[in-house]
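2 protein chains.
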Amino acid sequence: MGTEDRKQRERQAREQLFIDKAHELIRTDGLLALQMSKLASACEYATGTLYQHFASKEDLLAAVATRTTIQHAERFRRLPELPLGTRSQMLAIVLTDLDFAAANPDHYRLMQYLLTEAVWAQISQERREALLTAAQPISDAVSGVVERAREKGDLPVAREISAEEMGLGPWALNQGMQSLANARGLLEAYDIGQPLDHLLRHFHALMTGWRWEPRVDPDEPSVVRAESERVRAVLQEAFQ
Amino acid sequence: MGTEDRKQRERQAREQLFIDKAHELIRTDGLLALQMSKLASACEYATGTLYQHFASKEDLLAAVATRTTIQHAERFRRLPELPLGTRSQMLAIVLTDLDFAAANPDHYRLMQYLLTEAVWAQISQERREALLTAAQPISDAVSGVVERAREKGDLPVAREISAEEMGLGPWALNQGMQSLANARGLLEAYDIGQPLDHLLRHFHALMTGWRWEPRVDPDEPSVVRAESERVRAVLQEAFQ
DNA sequence: AACAATCCATGAATTCGGTTCACAAACCGT
DNA sequence: ACGGTTTGTGAACCGAATTCATGGATTGTT
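Note that the protein sequences, when read in sequence, are chains X and Z. Okay, so the first sequence: first residue is 1 according to the numbering used here, each after it adds one. Okay, so the second sequence: first residue is 1001 according to the numbering used here, each after it adds one.
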């Protein structure tokens, strides 16, 4: 039935419009200022129409986060092809994430908000799964690099730890640093600047601690910086 | 003026009552369920009275978090006296934090919520500072251990990184793992269990990567477990 | 002790914004 | 063209945070 298809497409397009506009409004006015009625009228629809697409405001926010996550995840798909050793590929993941966070400062904040238990509970099962699924390629990329590193002998296979659990280390380090960096005033209060530069050094310490070869010494900032530059150049090259 | 003093004390006591009761209500019914009017009547006061103490609900929550943080911070004060090497003292910090998080599952969630930009903005300057100040001893404990380790030669002094910035690594790792562990369904979706056990292994990898002596090999779970047991025993001994 | 002035607890009223729903318009097949 | 159904509308609803006019308690004064 052709008409059915068209309606489905139109519905889809409208949902996209809502999500894009919401993202835009969040970018300009902040998460706090987003109001369902304002969003609706900005899209030239009635408030009720929003609720034909999203079960709640949190649900809408989850949809926004999902969309952004899908775009983000896209960058990881071609990672294994890069002309980089496994350890540098892992660094490439962290750098990609870092750059993405810098370009989308709201995204981490939004994710942090959504993953708060109180908020998470307000999101429909369906959207929660969609969000997790969207993030899957990122997790897969991490596990994939770990597996390849183990196969190639770059990374000793430690007992009782899966590739996913290995990847949890850099993931948590990254996540934690983003949270801390985003909490306005927190790190400043402790005289800590440039948290994200330090993230890279701690990342190398972590990798070296697991004996992931070839080692990069976290002690020497210039070495760490040079390796980041090298990997960034490869990423730049590969992705236009 | 004695009467003034008494009134101050009573006011203080009432504020404490509000904070304690709020903490209790959060423990039993969850953060989501906390209502200002319910809290007020649970304390046998009118709603408006709450607002003589707290500028907003977020302000109240910050006060709850501050109180808990002060209790938590207390545990770090006597840390330098412990009969442990510097690296084990650092582990002691992580373990203390871990145990505290296990005993106060709401605290991390509450902190995560409060540090969300949207929420943070709702808290009065005063309370924000109080919360940061309350956490200061923890940060001091971390920096202190790093400094002592450097002095004793357990930890090489890396270039361009302060003691605070060194401590940022384990802090971020810890924080990130807590966030991930708290996001219901997130780690399960990626087949990761026991995230906090893995935290300890990654912690040792990080420390070893910075060449903090004496090394503990993250590869061997039994070694990691044994070291945790040893340090836990010392903590147990010291703090009754 | 009586009185005025001040303070401050009270809880009903206000406000705000997310969510619902009765109605109407648009759409569909006959 | 017409009945039936689906979909969009936005005013009304509702819950919960916050405010504020009120009155009772407390303090200071004569």
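Where a beta carbon is used, it is the ideal one built from N, C-alpha and C, also for glycine. Being a predicted model, the structure only gives us computed values, none of them experimental.
Discussion item. Could you check whether the stretch 66-75 of chain X touches the stretch 1075-1086 of chain Z, counting it as contact only if at least three pairs of C-beta atoms, one from each stretch, sit closer than 8 Å?
Written reply: no
Practice prompt. Mark residue 69(X) as exposed unless 16 or more other C-beta atoms lie within 10 angstroms of its C-beta, in which case mark it buried.
Written response: The residue you call residue 69(X) lines up with position 69 of the first sequence. Residue 69(X) should be labelled buried.
Practice prompt. Mind checking the stretch 124-148 of chain X against chain Z and listing, in chain order, the residues whose C-beta falls within less than 7 Å of any C-beta there?
Written response: 128, 132, 139
Discussion item. Whole angstroms are fine: how far does the CA of residue 1098(Z) sit from the CA of residue 1235(Z)?
Written reply: As a first step, residue 1235(Z) is located in the second sequence; it is residue number 235 there, counting from the start. As a first step, residue 1098(Z) is located in the second sequence; it is residue number 98 there, counting from the start. Near 13 Å, if we compare the C-alpha coordinates of residue 1098(Z) and residue 1235(Z).
Worksheet item: Does the stretch 1114-1127 of chain Z touch the stretch 1053-1060 of chain Z, meaning 3 or more C-beta pairs lie closer than 8 Å?
Response: yes
Worksheet item: Are there three or more Cβ pairs, one per stretch, closer than 8 Å when the stretch 157-169 of chain X is compared with the stretch 1187-1202 of chain Z?
Response: yes
Worksheet item: Would you say residue 22(X) reaches chain Z, if we count a Cβ-Cβ gap shorter than 8 Å as a contact?
Response: Numbered from its first residue, the first sequence carries residue 22(X) at position 22. No, residue 22(X) does not count as interfacial toward chain Z.
Worksheet item: Is residue 107(X) close to chain Z, meaning its C-beta is less than 8 Å from at least one C-beta of that chain?
Response: Residue 107(X) sits at position 107 when you count from the first residue of the first sequence. So, not an interface residue.
Discussion item. Assuming residue 150(X) is part of the alpha helix (DSSP H), what are its boundary residues?
Written reply: Along the first sequence, one-based indexing puts residue 150(X) at 150. Counting along the chain, the alpha helix (DSSP H) containing residue 150(X) begins and ends at 125-152.
Discussion item. Measuring only the C-alpha atoms, how far is residue 42(X) from residue 21(X)?
Written reply: To locate residue 42(X), count along the first sequence from 1; it is residue 42. To locate residue 21(X), count along the first sequence from 1; it is residue 21. So the alpha carbons of these two residues sit roughly 8 Å apart.
Worksheet item: Quick one: Cα of residue 1091(Z) to Cα of residue 25(X), how far?
Response: Looking up residue 1091(Z) in the second sequence gives position 91. Looking up residue 25(X) in the first sequence gives position 25. One C-alpha to the other measures close to 44 Å.
Worksheet entry | Entirely enclosed alpha helix (DSSP H) segments - the stretch 1065-1110 of chain Z, minimum 4 residues | 1086-1103
Item to complete: Could you check if residue 1130(Z) is buried or exposed, using at least 16 other CB atoms within 10 Å of its CB as the buried criterion?
Response: Within the second sequence, residue 1130(Z) is the residue found at index 130, counting from 1. Buried is the call here.
Fill in: Candidates 190(X), 89(X), 33(X), 152(X), of which the one nearest residue 170(X) by Cα
If you number the first sequence from 1, residue 170(X) lands on position 170. Answer by Cα proximity: 89(X).
Fill in: Residues that residue 208(X) contacts on chain Z, provided the C-beta gap is smaller than 7 Å
What you label residue 208(X) is simply residue 208 of the first sequence in a count that begins at 1. The contacting residues are 1209.
Discussion item. Taking a contact to mean a Cβ-Cβ separation below 8 Å, would you say residue 1195(Z) touches residue 1181(Z) in this structure?
Written reply: In the second sequence, the residue the question calls residue 1195(Z) occupies position 195. In the second sequence, the residue the question calls residue 1181(Z) occupies position 181. In contact: residue 1195(Z) and residue 1181(Z) (Cβ atoms closer than 8 Å).
Worksheet item: residue 1189(Z) to residue 1012(Z), Cα distance in whole Å?
Response: On the second sequence, position 189 is the one that residue 1189(Z) refers to. On the second sequence, position 12 is the one that residue 1012(Z) refers to. Spanning the two alpha carbons is a distance of roughly 46 Å.
Item to complete: Taking residue 1213(Z) as the query, report the chain X residues whose CB atoms sit under 8 Å from its CB, ordered along the chain.
Response: Your numbering for residue 1213(Z) matches position 213 in the second sequence. The contacting residues do not exist; residue 1213(Z) stays about 13 Å from chain X at best.
Worksheet item: For residue 1006(Z), does the count of other Cβ atoms within 10 angstroms reach 16, so buried, or fall short, so exposed?
Response: What you label residue 1006(Z) is simply residue 6 of the second sequence in a count that begins at 1. Exposed, by the Cβ-count rule.
Item to complete: Have a look at residue 221(X) and residue 197(X) and give me their C-alpha separation to the nearest angstrom.
Response: Taking the first sequence and counting its residues from 1, one reaches residue 221(X) at position 221. Taking the first sequence and counting its residues from 1, one reaches residue 197(X) at position 197. About 9 Å.
Item to complete: Assign residue 156(X) to one of two classes, buried (16 or more other C-beta atoms within 10 Å of its C-beta) or exposed (fewer than that).
Response: Translated into positions along the first sequence, residue 156(X) becomes position 156. So residue 156(X) counts as exposed.
Item to complete: Use the C-beta contact count for residue 168(X): other C-beta atoms within 10 angstroms, 16 or more gives buried, fewer gives exposed.
Response: Indexing the first sequence from 1 puts residue 168(X) at position 168. With 16 or more Cβ atoms within 10 Å of its Cβ, residue 168(X) is classed as buried.
Discussion item. For residue 1114(Z) and residue 120(X), what's the separation of their Cα atoms in angstroms?
Written reply: Here the question's residue 1114(Z) lines up with position 114 in the second sequence. Here the question's residue 120(X) lines up with position 120 in the first sequence. Approximately 15 Å, taken between the alpha carbons.
Fill in: Inter-residue Cα distance where the pair is residue 1217(Z) and residue 231(X)
What you label residue 1217(Z) is simply residue 217 of the second sequence in a count that begins at 1. What you label residue 231(X) is simply residue 231 of the first sequence in a count that begins at 1. Approximately 29 Å between the Cα atoms of the pair.
Worksheet entry | CB contact check: residue 78(X) to chain Z, cutoff 8 Å | By one-based count along the first sequence, residue 78(X) stands at place 78. Not one chain Z Cβ lies under 8 Å of residue 78(X).
Fill in: Simplified DSSP assignment, three categories, for residue 8(X)
In the first sequence, residue 8(X) corresponds to position 8, counting from 1. Correct three-state label for residue 8(X): helix.
Worksheet item: Under the three-state reduction of DSSP, which class applies to residue 41(X): helix, strand or coil?
Response: Here residue 41(X) corresponds to residue number 41 of the first sequence, with the count starting at 1. Residue 41(X) falls in the helix class under three-state DSSP.
Worksheet item: With C-beta atoms as the reference, is residue 143(X) less than 8 Å away from residue 164(X)?
Response: Within the first sequence, the letter at position 143 stands for residue 143(X). Within the first sequence, the letter at position 164 stands for residue 164(X). The answer is yes: Cβ separation under 8 Å.
Discussion item. Any C-beta of chain Z within less than 8 Å: which residues of the stretch 153-177 of chain X qualify?
Written reply: 156, 158, 159, 160, 161, 162, 164, 165, 168, 169, 171, 172, 173, 174, 175, 176, 177
Discussion item. Applying the 10 Å Cβ sphere with the 16-neighbour rule, what's the burial state of residue 154(X)?
Written reply: If you number the first sequence from 1, residue 154(X) lands on position 154. Buried.
Worksheet item: Taking C-beta to C-beta, are residue 186(X) and residue 1132(Z) nearer than 8 Å?
Response: Position 186 of the first sequence, counted from the first residue, corresponds to residue 186(X). Position 132 of the second sequence, counted from the first residue, corresponds to residue 1132(Z). Closer than 8 Å, so yes.
Item to complete: Examine chain X for any beta-carbon lying closer than 8 Å to the beta-carbon of residue 1192(Z), and answer yes or no.
Response: Position 192 of the second sequence holds residue 1192(Z). Yes, residue 1192(Z) counts as interfacial toward chain X.
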